[in-house]
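First the structure, in the form of structure tokens, and then the observations on it.
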Amino acid sequence: MSDPNQGYDVVILGSGSAGYACALRAAQLDLSVAIIEKDKLGGTCLHTGCIPTKALLHAGEVADSTREAAQFGVKAEFSGVDMPAVNKYKDGVVAKLYKGLQGMFKANKAITFINGNGKLTGRNTVDVDGKQITGRHIVLATGSYSKTLPGLDIDGSKVISSEHALKLDKLPSSAIILGGGVIGVEFASAWKSLGVDVTIVEALPRLVPAEDADSSKMLERAFRKRGIKFKTGKPFETVKTSETGVALTIAGGETVEGELLLVAVGRGASTSGLGFEEQGITVDRGFIPTNEHLQTNVPGIYAIGDIVPGVQLAHRGFGHGIFVAEHIAGLNPVPIDEAGIPRVTYTEPEVASVGLNEDKAREKYGDDAVKTYNYNLAGNGKSNILKTQGFVKLVSVKDGPVVGVHMVGSRMGEQIGEGQLIYNWEAFPSDVAQLIHMHPTQNEALGEAHLALAGKPLHAHA
Ligand SMILES: Cc1cc2nc3c(=O)[nH]c(=O)nc-3n(C[C@H](O)[C@H](O)[C@H](O)COP(=O)(O)OP(=O)(O)OC[C@H]3O[C@@H](n4cnc5c(N)ncnc54)[C@H](O)[C@@H]3O)c2cc1C
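With my numbering, the residue at position 355 of the sequence shown is 335, and numbering never jumps.
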């Protein structure tokens, strides 16, 4: 390990999923590390993203199970949601994980954690509140923030962002959610389960527009059944707030009303005012383009996580962080295939995918070269036990590997790990068909879909 007085091997700006993963891996590789954080170690995912939203969704699932208990012959009475108690549970999960992460960093002598506001002032230097921190390599990991649209001011009470939404001690009786992407539909799902009357407004033609069109259709069907309202293909035009609520006008003149409006129109990269452009780093619409080694255009400076164009996911950040630490250590890691990063939307039902959707596969390989198979969960034992609906859709190259796995249904998020191996190891349908999947499980649906695509369906039609 080099002498920190001579500067660190690696200086990381931002300690979210990407930054802290980079620090931990770099330390394992005997590099000296300084990591700078203006807020809390762990960043968005731990404090205001993945973890608290999934806790909220789980509380919603418990509420739904209680309401629906009679369907399974269980006597239970749903008498309401105690939001302060839900928040206590959610915050308790975050606090425990935060403590664990802090403990890991404290115990790691190769890592210096610096609390403060960092600004890049040279190719090897970050200024932290007047103190110069230097390093042989700089890693930018400053993450992202909730965006809004022109004419739409987030006031934190009637018009809120996801950060505000996670702090509500009283849920509204009705809400509008602007944006039908992952964050918007997850809040819609959780809030509906917790008793809110929800309407989603999405400018693009379908919910979760980045997913396969069949997955969007299935989620929309499930949401309709659950009483979650949505208006797609309708950009927002104006918003009016009053004492009692919010009225949102959408294209065509229709007005949607609710007690509050959650703005979930995407996340911008936190890169402005941090000295990046002054040091010659290319910034494109806020994001920092990199090569396949996650190097910016300035030698010695890397960018990782949400500030790099692509899917904004915590595990992508972890992957980026590990990759860059290994690259700096000279290990020559394999570049990350963006399409091979699994994606899960934790709604009820869940939407999960990896690889290419059908449209993209047809674009890439040509119509004649692509084969798909859609295995309906109606044929799956565990899905019937859970009373969930959905599918496993496979997209493959004819006589070639599976290039896309798309799934909708309860607990299907947990199954995408296998989909990731199938896609990234370029498995053929017959390779997977010979593997035996446990019965009765949701995972078995993946096995059934591959059996069918390999020409030997079991509980399905060819
Ligand atoms: C509501 C919500 C739900 C989500 N759910 C999921 C999910 O279920 N699964 C999933 O994979 N992803 C989810 N995400 C996305 C995930 O949170 C992000 O992809 C991930 O946090 C990105 O990590 P990052 O390290 O790039 O950035 P961040 O986690 O944003 O971390 C950046 C850090 O840098 C710090 N920083 C910024 N500027 C400075 C500065 N000048 N000086 C010092 N420190 C600075 C910030 O304080 C922050 O701690 C969710 C996001 C949101 C908002």
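C-beta: ideal position from N, C-alpha, C; glycine also.
- Query: Does DSSP put N88 in a helix, in a strand, or in coil?
  - Reply: Three-state result, N88: coil.
- Look at N277 and I261 and say whether their C-beta atoms are less than 8 Å apart. yes
- Query: In angstroms, rounded to a whole number, what distance separates the CA positions of Q395 and Y78?
  - Reply: Rounded to whole angstroms, Q395 and Y78 show a C-alpha spacing of 27 Å.
- Item | Alpha-carbon spacing of Y326 relative to N271, whole angstroms | C-alpha separation (whole angstroms): 31 Å.
- To the nearest angstrom, report how far apart D(-17) and K70 are at their CA atoms. Bear in mind that the predicted position of D(-17) carries a pLDDT of just 49, short of 50, making it too unreliable to give a figure here.
- Give every residue of the same chain whose Cβ lies closer than 8 Å to the Cβ of Q51, excluding the five residues on either side of it in the sequence, and list them in chain order. K367
- Item | Closest Cα partner of A429 within the set H273, R391 and N360 | N360
- Item | Given Y(-12) as reference, the closest of T105, S154, Y403 and I140 once Cα atoms are compared | When only C-alpha atoms are compared, the closest one is T105.
- Item | Through-space distance from E237 to M(-19), alpha-carbon basis | The pLDDT assigned to M(-19) is 46, lower than 50, so where the model puts this residue is not dependable; a value taken from the coordinates is nonetheless given after this. Rounded to whole angstroms, the separation of the alpha carbons of E237 and M(-19) is 60 Å.
- Please name the residue or residues paired with I113 in a DSSP beta bridge. V106
- State the Cα-Cα distance for the pair H300 and Q292, rounded to the nearest angstrom. The alpha-carbon of H300 is positioned some 11 Å away from that of Q292.
- Message: Between the segment 173 to 182 and the segment 148 to 156, can you find at least three pairs of beta-carbon atoms closer than 8 Å?
- Response: yes
- Item | I113 and I94 closer than 8 Å at C-beta | The answer is yes: Cβ separation under 8 Å.
- Message: Using DSSP's beta-bridge definition, name the partner residues of E182.
- Response: T212
- DSSP-derived helix/strand/coil call for L240: strand
- Message: Please report the distance separating the alpha-carbon of L228 from that of Y355.
- Response: 39 Å
- So what does DSSP say about I15, is it helix, strand or coil? Strand, per DSSP.
- Could you give the distance in angstroms between the alpha-carbon of K150 and the alpha-carbon of E223? 16 Å
- Item | First and last residue of the uninterrupted alpha helix (DSSP H) at D194 | A193 to R206
- Residues near K378 by beta carbon distance below 6 Å, same chain, minus five either side: A349 and K351
- Query: When the Cα atoms are used, what is the spatial distance from G164 to S196?
  - Reply: Each residue's alpha carbon lies about 14 Å from the other.
- Query: So does D192 have its beta carbon nearer than 7 Å to some heavy atom of ligand 1?
  - Reply: Taking non-hydrogen atoms of ligand 1 into account, the C-beta of D192 is found less than 7 Å away from none of them.
- Report the three-state DSSP secondary structure of R247 (helix, strand or coil). Three-state result, R247: strand.
- Please indicate yes or no: does the CB of L158 lie closer than 7 Å to some heavy atom of ligand 1? no
- Mind checking I287: buried by the 16 CB within 10 Å criterion, or exposed? By the 10 Å Cβ count, I287 comes out buried.
- Residues near L433 in its chain [Cβ-Cβ closer than 8 Å; skip 5 each side]: K351, Y353, L374, S376, V382, P409 and A413
- R201 versus K220, I402, Q369 and Q400, residue with shortest Cα-Cα distance: Q369
- Message: With a threshold of 6 Å on Cβ separation, who are the neighbours of A(-2) within its own chain once the five nearest residues in sequence on each side are excluded?
- Response: Closer than 6 Å at Cβ, skipping near neighbours: A121, I284, G285, G297, H300 and G301.
- Task: Confirm the yes/no value for this check: CB of R28, any heavy atom of ligand 1, distance under 7 Å.
- Result: Going by the sequence as given, residue 28 is Thr instead of Arg. Result yes, Cβ under 7 Å from ligand 1.
- Message: Considering Cα atoms alone, identify which of A305, S137, N312 and S390 is closest to V(-10).
- Response: A305
- Using the rule of at least 16 other Cβ atoms within 10 Å of the residue's Cβ for burial, across every protein chain shown, is S59 buried or exposed? exposed
- Message: ligand 1 and I16: does any heavy atom of the ligand fall closer than 7 Å to the residue's C-beta?
- Response: yes
- Task: Inspect the CB distances between the segment 4 to 22 and the segment 81 to 93 and report whether three or more fall short of 8 Å.
- Result: yes
- Message: What would DSSP say about Q275, mapped onto helix, strand or coil?
- Response: strand
- Query: Comparing alpha-carbon positions, which option in M63, G207, L132 and L431 lies nearest K147?
  - Reply: M63
- Query: Quick one: is the Cβ of A121 within less than 7 Å of any heavy atom of ligand 1?
  - Reply: yes
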